[in-house]
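Student: First the structure, which I've put down as structure tokens, then a few questions once you've had a look.
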Amino acid sequence: MKNKIKSDLKKIKYLKLDDFFKSTLVFEKIKMNVKKNAYENKLFYYENGKTKKISMDTDFDIVRLFSSRVIIYSAKKRQVTGFYIKNLDTKDKKLLFDIDYEVQDFAVTDDKKIVILVNEKDLMVNNETKVETTDLNYRLNGSGYVAGSTGRIFIYDLILGQLKKVTPKCQNVDFFNLNKKENKLFYLISDKNNLYNFNTPYVYDLDKCVTKCLYDKKDFEFTFVDYIDNKVVAVATNFKRYGLNENPKFYEIENGALNLYLENDYGFENTITSDVQYDQVDRFLTIKDSIYFLSTRGDKCSIYRLINGKAELYFDELTSVSDFVITDDELVVTGFKDTNLMELYSKKTSIDGKKTHGKLKKITKLSKKFEKSNKIYEIDKFKCELNCDIIYGYIIYPRGYDKNLNYPGVLYIHGGPKMVASHNFNYDLQLLSELGYFVFYTNPHGSDGLGDEFADIMGNWGKIDYDDLMNFTDVVLKNFKQIDKDRLAVIGGSYGGFAVNSIITKTDRFKLAIAQRSISNFVSFYGTSDIGAVFTSDQLNTEYDFEKLLEFSPIKNVDKINTKLLIMHSEKDFTCPLEQATEFYTQLKLNDKDVKLIIYKNENHNLSRTGSPKSRVQRLSDMSKFLTKNL
11 MKNKIKSDLK KIKYLKLDDF FKSTLVFEKI KMNVKKNAYE NKLFYYENGK
61 TKKISMDTDF DIVRLFSSRV IIYSAKKRQV TGFYIKNLDT KDKKLLFDID
111 YEVQDFAVTD DKKIVILVNE KDLMVNNETK VETTDLNYRL NGSGYVAGST
161 GRIFIYDLIL GQLKKVTPKC QNVDFFNLNK KENKLFYLIS DKNNLYNFNT
211 PYVYDLDKCV TKCLYDKKDF EFTFVDYIDN KVVAVATNFK RYGLNENPKF
261 YEIENGALNL YLENDYGFEN TITSDVQYDQ VDRFLTIKDS IYFLSTRGDK
311 CSIYRLINGK AELYFDELTS VSDFVITDDE LVVTGFKDTN LMELYSKKTS
361 IDGKKTHGKL KKITKLSKKF EKSNKIYEID KFKCELNCDI IYGYIIYPRG
411 YDKNLNYPGV LYIHGGPKMV ASHNFNYDLQ LLSELGYFVF YTNPHGSDGL
461 GDEFADIMGN WGKIDYDDLM NFTDVVLKNF KQIDKDRLAV IGGSYGGFAV
511 NSIITKTDRF KLAIAQRSIS NFVSFYGTSD IGAVFTSDQL NTEYDFEKLL
561 EFSPIKNVDK INTKLLIMHS EKDFTCPLEQ ATEFYTQLKL NDKDVKLIIY
611 KNENHNLSRT GSPKSRVQRL SDMSKFLTKN L
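Numbering (the working numbering), first residue to last: 11 to 641.
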């Protein structure tokens with residue numbers, strides 16, 4: 011099976027949209043090279059309905075369009091980052107300048123200035139031998155120790171050949187948005203000692219070189235700011251009603267005050283789970299008097315737009331839209347259509363971009379090779395009632411399904427919990443189907459897509475969600491008699507891993523359990539996770555109270571566990587730290603329970619999605635071996 015997994019993953023490709031200019035789009039195709047244990051990126055441009063590869067003789071990091079025929083890109087060197095320019099017609103390449111920083115993002119203005127967000131590191135407090143900090147937030151999953159790291163904005167003038175500092179070292183920039191029409195730069199300053207990540211929006215006038223603070227109260231978290239209809243409109247939340255998972259709303263910022271612009275009960279991002287999507291973005295696109303954005307509603311992620319003070323649906327022809335751009339006459343999106351893998355699609359738009367028309371066209375054929383050698387799983391979607399709410403359930407049939415035979419079943423629990431499991435493709439599910447299992451899953455209370463109230467399970471972790479998952483399992487077993495109730499497994503990751511640990515302390519109905527990147531002890535999670543203090547106190551609705559935190563923790567009830575358990579965890583997971591696995595494992599062993607622990611070296615919380623190719627193959631192989639041997 012390991013060779014089959016390796017062969018499959020090599021055939022799966024990902025897409026990343028880089029930039030667009032008028033009717034030209036630049037994007038990347040990304041695939042895994044298991045032998046080299048690396049991801050390989052190839053650059054393409056799309057224009058007039060056709061795609062063409064851009065030959066690159068050097069590595070590249072961030073790519074932008076300087077004009078419709080010229081790209082500008084950054085590339086890391088030993089101690090600096092180089093900025094290069096390349097003509098798509100002549101293939102000529104030239105080094106523009108070097109900058110002594112790690113570049114996080116950049117954008118090009120219409121008057122040929124480059125706005126650059128850099129990561130400035132203080133080697134006195136974070137170097138090869140030590141990390142020194144006085145910050146509350148000093149480490150970040152996937153980035154490691156971020157003490158001494160500051161996001162700063164610089165502007166490079168290509169005409170004058172000069173680099174100018176816009177923000178001081180004492181301010182940490184974590185977002186910027188360039189409004190080319192007004193030639194103004196919006197950016198957000200965050201405080202590494204702020205528990206709730208409340209930040210401050212600023213605007214910088216590129217013509218006058220003047221900075222203005224837009225709102226200085228530090229009682230909201232902003233995620234986007236821009237102009238529409240001569241107003242400064244922001245996406246923000248203060249977490250007061252539903253805590254950390256409260257969906258943001260549109261606000262107008264005027265004279266230092268924040269006024270509600272549009273009430274909203276849904277998020278501004280794609281929260282549909284996928285393990286075949288390399289990079290997830292929160293795309294906001296401002297065109298004239300409209301802001302276009304992604305939003306997950308129900309079990310679909312679609313494109314919406316804010317216009318005339320209202321949010322309306324703009325495009326919903328895919329199950330899950332990952333990213334999008336709107337060129338002069340075309341909407342171009344990446345995403346998933348049902349159980350097909352990620353592809354690039356396009357649809358014609360009106361001149362002002364406000365309406366789409368005609369048929370949806372598939373530009374790429376990335377799925378072809380994978381689908382030629384694999385039969386994609388069959389999935390049914392059905393409604394069920396859980397705790398007085400009607401939600402969708404999903405069931406995937408085993409490969410070669412025969413209605414006259416019995417099969418093992420797997421309850422699969424997504425992470426978050428504010429995420430959504432839908433009917434898009436996931437390789438984990440493909441593998442489980444190929445192994446001969448029914449797979450069933452749903453979106454219990456706490457999930458996204460059904461509004462703030464449904465997503466709010468503060469103080470109810472392991473309670474209402476547990477009831478949902480067990481009632482859902484009952485519904486599945488009642489309606490699908492071919493599932494052997496004595497051969498059930500439960501699998502979950504992150505929040506889903508917590509759910510697995512919690513479930514097996516309360517019921518013996520599952521023969522096997524697999525907990526991945528899980529939580530077992532909220533007492534230790536509180537102080538060791540990169541989100542621990544704020545997430546724990548918010549989601550469990552309690553401050554640091556030993557007894558209350560322990561009450562929510564599966565580790566308290568290890569003596570009640572009779573289910574065979576596999577714990578899978580990454581060594582450098584800073585969100586659900588490795589201690590969550592090792593503490594649980596140690597207590598289970600001391601209580602003579604049937605448990606196995608696998609630690610993936612040098613991997614983090616995102617192993618199943620963006621981990622190194624060899625580790626991803628190993629994880630899937632370990633999971634399939636455990637299930638095949640014991641179920």
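Glycine included, every Cβ here is placed at the ideal spot set by N, Cα and C. On a predicted model such as this, the values are computed, not experimentally measured, just so you know.
What three-state label does DSSP hand Lys-16 in the structure shown?
Tutor: Here Lys-16 sits in helix by DSSP.
Student: Find the nearest neighbour of Glu-463 within the set Ser-625, Asp-399, Gly-446, Ser-78, judged by alpha-carbon distance.
Tutor: Asp-399
Student: In whole angstroms, what separates the C-alpha of Phe-30 from that of Thr-337?
Tutor: 7 angstroms
Student: Classify Gln-181 as helix, strand or coil using the three-state DSSP reduction.
Tutor: coil
Student: Assess contact between the stretch 164–183 and the stretch 590–603, defined as three or more Cβ pairs (one per stretch) separated by less than 8 angstroms. Is contact present?
Tutor: no
Student: Tyr-237 to Lys-491, Cα distance in whole Å?
Tutor: 57 angstroms
Student: In angstroms, rounded to a whole number, what distance separates the CA positions of Asp-642 and Asp-215?
Tutor: This structure leaves residue 642 out entirely; the chain is present only between 11 and 641.
Student: For Thr-91, which beta-bridge partners are listed by DSSP?
Tutor: Lys-86, Ile-109
Student: Counting only the same chain and skipping the five closest in sequence on each side, list residues whose C-beta sits under 8 angstroms from that of Ser-622.
Tutor: Asn-47, Ala-48, Asn-612, Glu-613
Student: Thinking C-beta only, is His-615 closer than 8 angstroms to Phe-636?
Tutor: no
Student: For the structure I just gave you, are there three or more beta carbon pairs, one from the stretch 256–273 and one from the stretch 476–485, closer than 8 angstroms?
Tutor: no
Student: DSSP three-state call for Ile-406: helix, strand or coil?
Tutor: strand
Student: Taking the C-alpha atoms as reference points, what is the distance between Phe-260 and Val-343?
Tutor: 24 angstroms
Student: According to DSSP, is Gly-1 part of a helix, a strand, or is it coil?
Tutor: With the chain covering only 11 through 641, there is no way to say anything about residue 1.
Student: Tyr-197 to Val-125, Cα distance in whole Å?
Tutor: 11 angstroms
Student: For Asp-478, name the three-state secondary structure that DSSP assigns.
Tutor: helix
Student: For the alpha helix (DSSP H) holding Ala-523, just list the boundary residues, first then last.
Tutor: Taken as a continuous stretch (DSSP letters only), Ala-523 belongs to no alpha helix (DSSP H), being part of the beta strand (DSSP E) at 522–526.
Student: Does the stretch 602–609 touch the stretch 534–546, meaning 3 or more C-beta pairs lie closer than 8 angstroms?
Tutor: no
Student: Nearest by alpha-carbon distance to Lys-62: which of Asp-69, Lys-39, Ile-401 is it?
Tutor: When Asp-69, Lys-39, Ile-401 are compared, the shortest CA-CA separation from Lys-62 is found for Lys-39.
Student: Do you know how far the Cα of Glu-57 is from the Cα of Lys-174?
Tutor: In this structure, the straight-line span from the alpha carbon of Lys-174 to that of Glu-57 is close to 34 angstroms.
Student: What three-state label does DSSP hand Arg-315 in the structure shown?
Tutor: If DSSP states are grouped into helix, strand and coil, Arg-315 belongs with the strands.
Student: Assign Ser-563 to one of two classes, buried (16 or more other C-beta atoms within 10 Å of its C-beta) or exposed (fewer than that).
Tutor: buried
Student: By the DSSP assignment, the beta strand (DSSP E) with Ala-431 in it spans what residues?
Tutor: Unbroken run through Ala-431: none, as it is neither H nor E.
Student: Let me know if Phe-293 comes out buried or exposed under the rule of 16 or more other beta-carbons within 10 Å of its beta-carbon.
Tutor: The identity of residue 293 in the sequence shown is Arg, whereas the question assumes Phe. It is buried - the Cβ of Arg-293 has at least 16 other Cβ atoms within 10 Å.
Student: Check the DSSP bridge columns for Asn-129 and list the partner residues they point to.
Tutor: Glu-112, Gly-161
Student: From Pro-427 to Gly-456, what distance separates their C-alpha atoms?
Tutor: 5 angstroms
Student: Can you tell me whether Gly-502 is buried or exposed, with buried defined as 16 or more other CB within 10 angstroms of its CB?
Tutor: buried
Student: Pick helix, strand or coil for Arg-74, following the three-state DSSP scheme.
Tutor: In the three-state DSSP reduction, Arg-74 falls in the strand class (E or B).
Student: So, using beta-carbon positions, are Gly-403 and Ser-504 closer together than 8 angstroms?
Tutor: The beta carbons of Gly-403 and Ser-504 sit no closer together than 8 angstroms.
Student: Since Ala-591 contacts Ser-528 with CB under 8 angstroms, what's their CB separation in whole angstroms?
Tutor: 7 angstroms
Student: Straight-line CA distance for Gly-277 to Arg-315?
Tutor: 13 angstroms
Student: Are Val-128 and Val-113 close, meaning C-beta to C-beta below 8 angstroms?
Tutor: Contact check for Val-128 against Val-113 passes: the beta carbons are separated by less than 8 angstroms.
Student: In the DSSP assignment, find the alpha helix (DSSP H) that holds Pro-623 and state where it starts and stops.
Tutor: 623–640
Student: How should Phe-392 be labelled, buried or exposed, when 16 other C-beta atoms within 10 angstroms of its C-beta is the threshold for buried?
Tutor: Classification of Phe-392: exposed, given that the 10 Å Cβ count is below 16.
Student: Put Tyr-411 into one of helix, strand or coil per three-state DSSP.
Tutor: coil
Student: Apart from the five residues on each side of it in sequence, which residues of its chain come closer than 7 angstroms, Cβ to Cβ, to Ile-169?
Tutor: Apart from sequence neighbours up to five positions away, the residues of its chain that approach Ile-169 with a beta-carbon distance below 7 angstroms are Lys-122, ordered along the chain.
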